Amino acid sequence: MPLVYVNAAGHASGVAYFHSPREAVEVGVKESSEVAALGVGTPRRLVGCSLHPYHGNWFGFR
């Protein structure tokens, strides 16, 4: 069974926008320790994700 990276597929189809880790740095997140301070665990690195501007993340990728 082939694997599909749905975040990239959502961006390529125009359904969502892929936010890269560089954009997090542009808005002020400089280190993963700042993300850990938000209470989301202990991240090792920042990764990108696709988000729909209104509905959020996985609304239509299922």
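The C-terminal residue of the sequence shown carries number 105 in the numbering used here, and the numbering is unbroken.
Using N, Cα and C, we set each Cβ at its ideal position, and we do this for glycine too.
Given the structure is predicted, the values throughout are model-derived calculations rather than measurements.
If we ignore side chains and look at the alpha-carbon of each, how far apart do residue i and residue j end up?
i	j	result
Pro45	Leu94	23 Å
His62	Gly91	5 Å
Glu53	Val47	This sequence places Gly at residue 53; Glu is not what is there. One C-alpha to the other measures close to 11 Å.
His98	Ala59	9 Å
Val49	Gly57	12 Å
Ala51	Arg65	16 Å
Which residue marks the beginning of the beta strand (DSSP E) containing residue i, and which one marks its end?
i	result
Ser93	92–94
Tyr60	60–62
Which residue comes first and which comes last in the alpha helix (DSSP H) that contains residue i?
i	result
His54	49–56
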